[in-house]
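Down below is the structure, laid out as structure tokens.
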Amino acid sequence: MRSVENALQLEIPLNAQYIRNLIMAAHGVHDHIVHFYHLAALDWVDIVSALKADPKKASQIAESLSNWDQNSAKHMKEVQDRLKTFVASGQLGIYANGYWGHPAMKLPPEINLIAAAHYLQALHYQRRINMVVSILGSKTPNIQNLAVGGVANPINPDNQSALNMERLYYIKTLIDEVGSFVKNAMMVDVAAVAAKYADWTKYGAGVTNYLSAPDMPMDTKGTTFALPGGYIENADLATFKPIKSFNDDFFKNGVKESIKHSWYKGEWNRHPWEESTDPNYTDLQYEGKYSWVKAPTFNGKPAQVGPLANVLCMFAAGHAPTKKYVTSTLETISAVAGAKVGPAALHSTIGRIGARAIRCAVLHDECTNQWNALIANIGKGDVKTFNPPTFPSGEIKGVGFHEAPRGILSHWSVIDGGKIKNYQCVVPSTWNAAPRNGSDQPGPYEASLVGTPLANPEKPLEVLRTIHSFDPCLACAIHMVDAKGGEIIRVKAL
Amino acid sequence: MFQEPTVTILGLGNILMSDEGVGVHTVNEFQKRYQVPGHVEIVDGGAAGLDLIPFIEGREKVLMVDAVNFDREPGYIGILENDEIPVRLTQKASMHHLGLMDVLCIVRMSGNMPKDMCLVGIQPKSLELGLDMTREIWDKQEALIERVVEKLREWNIPCALQSPQK
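Chains A and B, in that order, are what the protein sequence lines are. Using the numbering used here, the letters of the first sequence map in sequence onto residues 110 to 603. Using the numbering used here, the letters of the second sequence map in sequence onto residues 192 to 357.
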């Protein structure tokens, strides 16, 4: 949509920008909570070990780290009792998972219990913040309110069937309800896990060129953004160069994709507007084509994208809330670890997980900022949400970008007489999961796994830790129940 | 009148992956043909993962239809009830792999499992990319709907064919 708007050089009403921004920020908070607690945490947290914890001690530890109000000894005991019933029921076959009790699990029982309690609490908060997305977008995750030129939300403060004050204040209640969980439970849990797995600051850095998009446009033309983005080369924050607008040539001319190692016809390295996507499956050829993923590059180099790239770019750009949360997270980690941990530790597997929690807090603040901006603008009497597009005859080209939960997303369109002639999406997981590129440089996943120690090669938990830290987006998942509850996914080392 | 739902009929699966979508197709067809009381909610659960939780936790009864691997011939229909339904956290490559077994496990850990659960499962033939199910599985749709109706009767939940004029 931004790609088409960019091709048309269309201005977007302020209300539409704020509503879109609010959806993006709330969706990001939801996504980061779910990723940490319900996907990544189980690589580090051993639920079975939580059964051995002393609930009183767990409560004391948790209360010493933050003022979150759901850390009482009584609550810890209740959670532990539920876990006991759950494990004792036997039919669960809890060890079939294979990773609990793994030698690479290092957290003390009390920290495991705290994390388990917050894992269950997180279910509630991820749902509450996701309600902001569904109220504004009609459903989630596939929102229905976006249109080229704005949003399809009529604003009328006094009308029951429009976006009115009652709905807007309900959204504010939802935002407020989730803030304390993000800042006092999630950020603290992530810091505690990071501190106890300090070794993991040494593994998984991979590609340290970082690319992220500026997002949350605050004007109708998309030239000022609440959250900065840009490019950092070779882990050096001093090299940061910002992407300044939706029309910035630095980004527009920098992106290319190679298919030398991908199952598509040809062997080119092209700009997205010039690309094709013609499948050509060849079997796994480790020296030839071996992936459905294309290999994107930024100015000829592979780049890592995602919350870590975003946090580093915002930090380098001097974004104050990011600096605040990076500093407070590193302080908590240092306090728990009993040793000073600096920003260099972020270039790692555990750094990616830490950065996601930091970004979650930044986005939560942004939910509030965008809500305030929307209310203030409506207060001025502006209720416009849509500028109708008109398509010229002849060919036009556009690019739209967005800093999605998994990193920079860009869509590239070529439009001829109002019809799409070419459309290419360069999505976050394509950057990170890329095979080797045209000059045979590995992408972030491949590079990050080199040198990872394995306690048990049959159960490569450590590989999952690093891959999960990127928050992979693998589409078209199959969710089949196995009548025997067997393990369905398998990891094959290439 | 709106009634707080206490029973869920849940169709599960990814309709982009041929037979994987069998649960959704079946429940949609059931909804077209049958009328159910106000406390019964019919849900296209798709591949929604954690978003399924509100439709499961705290409900009295949940009836699910999904593709299940029984290690049997394609089209084999099996019924799993309560403790027979596997509940566990599986290893996942991505958040998008969070499936029914995980969701049920999370509901169990939260302590809000429904009193009665039934999974009407069918062995799929193909899980390839495609909007259409295979012939073999389409042919079993009537049988699946019958199983759903039988189960509802067993649970004393009335369901009647809708009048065709509608």
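For every residue, glycine included, the Cβ atom is placed at its ideal position computed from N, Cα and C.
For a test of your reading of the model: does the CB of aspartate 155 of chain A fall under 7 Å from any non-hydrogen atom of the ligand NAP? Yes or no. Looking at this structure, you won't find the ligand NAP or any other ligand, since it has none at all.
Check: To which residues of the same chain is isoleucine 352 of chain A closer than 7 Å at the C-beta, ignoring the five residues directly before and after it?
Finding: Start at 1 with the first residue of the first sequence, and residue 352 of chain A comes out as number 243. Taken in chain order, the residues that qualify are Ala322, Pro323, Gly338, Gly339, Phe359 and Phe360.
Exercise. Identify each residue in the region 398-424 of chain A for which the Cβ-Cβ distance to at least one residue of chain B is less than 8 Å, and report them in chain order.
Key: Listed in sequence order: no entries.
Suppose you measure from the CA of glutamate 251 of chain B to the CA of serine 209 of chain B; what does that come to, to the nearest Å? Walking along the second sequence from the start, residue 251 of chain B turns up at place 60. Walking along the second sequence from the start, residue 209 of chain B turns up at place 18. Their backbone Cα atoms lie some 31 Å apart in a straight line.
Notebook entry, point to check: If you draw a straight line from the C-alpha of histidine 211 of chain A to the C-alpha of serine 557 of chain A, how long is it?
Noted result: Stepping through the first sequence from its first residue, residue 211 of chain A is reached at position 102. Stepping through the first sequence from its first residue, residue 557 of chain A is reached at position 448. When rounded, the distance between both Cα atoms is 22 Å.
Less than 7 Å between C-beta atoms, sequence neighbours within five positions excluded: which residues of the same chain meet that for tyrosine 127 of chain A? Counting from 1 along the first sequence, the entry for residue 127 of chain A is found at position 18. Here the set comprises Gln479, Ala482, Leu483 and Asn486.
In this structure, does DSSP put tryptophan 309 of chain A in helix, strand or coil?
Position 200 of the first sequence, counting from 1, holds the residue named residue 309 of chain A. Collapsing the DSSP output to three states places tryptophan 309 of chain A in a helix.
Does any residue of chain B bring its CB to less than 8 Å from the CB of glutamine 179 of chain A?
-> Counting from 1 along the first sequence, the entry for residue 179 of chain A is found at position 70. No, glutamine 179 of chain A does not count as interfacial toward chain B.
Determine the direct distance from the alpha carbon of glycine 460 of chain A to that of alanine 347 of chain A, and round the result to whole angstroms. Position 238 of the first sequence, counting from 1, holds the residue named residue 347 of chain A. Position 351 of the first sequence, counting from 1, holds the residue named residue 460 of chain A. Alanine 347 of chain A and glycine 460 of chain A: Cα-Cα distance of roughly 19 Å.
By the three-class DSSP mapping on this structure, what secondary structure does threonine 438 of chain A have?
Translated into positions along the first sequence, residue 438 of chain A becomes position 329. Helix, per DSSP.
Take isoleucine 270 of chain B as the anchor and find which of B:Val259, B:Asn205 and B:Ile297 has the nearest alpha-carbon.
Counting from one through the second sequence, the residue named residue 270 of chain B turns up at place 79. Isoleucine 270 of chain B has its Cα closest to that of B:Val259, out of B:Val259, B:Asn205 and B:Ile297.
For lysine 252 of chain B, which three-state DSSP category applies? Residue 252 of chain B sits at position 61 when you count from the first residue of the second sequence. The answer is strand: DSSP assigns lysine 252 of chain B an E or B state.
**Request:** Please list the partners that alanine 355 of chain A has in chain B, where partner means a Cβ-to-Cβ separation under 7 Å.
**Result:** Counting from 1 along the first sequence, the entry for residue 355 of chain A is found at position 246. The displayed chain sequence assigns phenylalanine, not alanine, to residue 355 of chain A. Residues of chain B passing the Cβ test: none, with the nearest at roughly 29 Å.
task: Determine the burial state of isoleucine 276 of chain B: buried for a count of at least 16 other Cβ atoms within 10 Å of its Cβ, exposed for fewer.
output: Position 85 of the second sequence holds residue 276 of chain B. It counts as buried.
Exercise. Rounded to whole angstroms, what's the CA-CA distance from valine 257 of chain A to phenylalanine 355 of chain A? Just pull it up for me.
Key: One-based indexing of the first sequence puts residue 257 of chain A at position 148. One-based indexing of the first sequence puts residue 355 of chain A at position 246. Cα to Cα, valine 257 of chain A sits roughly 15 Å from phenylalanine 355 of chain A.
- How is the beta strand (DSSP E) around tyrosine 127 of chain A delimited, first residue to last? Reading the first sequence from its first residue, position 18 is the one you call residue 127 of chain A. Note, tyrosine 127 of chain A: premise wrong, no beta strand (DSSP E); alpha helix (DSSP H) at 123-143.
Taking C-beta to C-beta, are asparagine 496 of chain A and leucine 119 of chain A nearer than 8 Å?
If you number the first sequence from 1, residue 496 of chain A lands on position 387. If you number the first sequence from 1, residue 119 of chain A lands on position 10. Remark: C-beta atoms of asparagine 496 of chain A and leucine 119 of chain A approach each other more closely than 8 Å.
- Closer than 8 Å, Cβ to any Cβ of chain A: which residues of the region 296-323 of chain B, in chain order? Residues passing the 8 Å Cβ filter: Cys296, Ile297, Arg299, Met300, Ser301, Gly302, Leu310, Gly312, Pro315, Leu318 and Leu320.
Looking at chain D, which residues of the region 230-246 of chain A have a Cβ within less than 9 Å of any of its Cβ atoms?
Given the protein chain composition of this structure (A and B), no chain D is represented.
Query raised in the report: So with Cβ pairs under 8 Å, would you call leucine 289 of chain B a contact of chain A?
Result: Position 98 of the second sequence holds residue 289 of chain B. Leucine 289 of chain B counts as touching chain A.
Discussion item. Give me the chain A residues within the contact set of leucine 254 of chain B, using Cβ-Cβ distance strictly less than 7 Å, ordered along the chain.
Written reply: Taking the first residue of the second sequence as 1, we reach residue 254 of chain B at position 63. Those do not exist, as leucine 254 of chain B stays about 14 Å from chain A at its closest Cβ, beyond 7 Å.
Check your understanding: What residues from chain B crowd round arginine 465 of chain A, counting only those whose CB sits closer than 9 Å?
Key -> In the first sequence, the residue the question calls residue 465 of chain A occupies position 356. Chain B residues near arginine 465 of chain A: none, gap ~12 Å exceeds 9 Å.
Next item on the list: Please determine, among A:Trp540, A:Lys506 and A:Ser522, the residue with the shortest C-alpha to C-alpha distance to glycine 516 of chain A.
Entry: Walking along the first sequence from the start, residue 516 of chain A turns up at place 407. For glycine 516 of chain A, the nearest C-alpha among the options comes from A:Trp540.
Query raised in the report: In three-state terms, what does DSSP make of alanine 256 of chain A?
Result: As a working mapping, residue 256 of chain A is identified with position 147 in the first sequence. Judged by DSSP in its simplified three-state form, alanine 256 of chain A adopts strand.
| said: Quick check on arginine 191 of chain A - is its C-beta less than 8 Å from some C-beta in chain B? | reply: The residue given as residue 191 of chain A occupies position 82 in the first sequence. Chain B contact via Cβ: present.
ask   = Shorter than 8 Å from the beta carbon of histidine 147 of chain A to some beta carbon of chain B?
value = Counting from one through the first sequence, the residue named residue 147 of chain A turns up at place 38. Yes, contact with chain B.
Quick one: grab the DSSP three-state call for leucine 352 of chain B. Counting from one through the second sequence, the residue named residue 352 of chain B turns up at place 161. Residue state, collapsed to three classes: strand.
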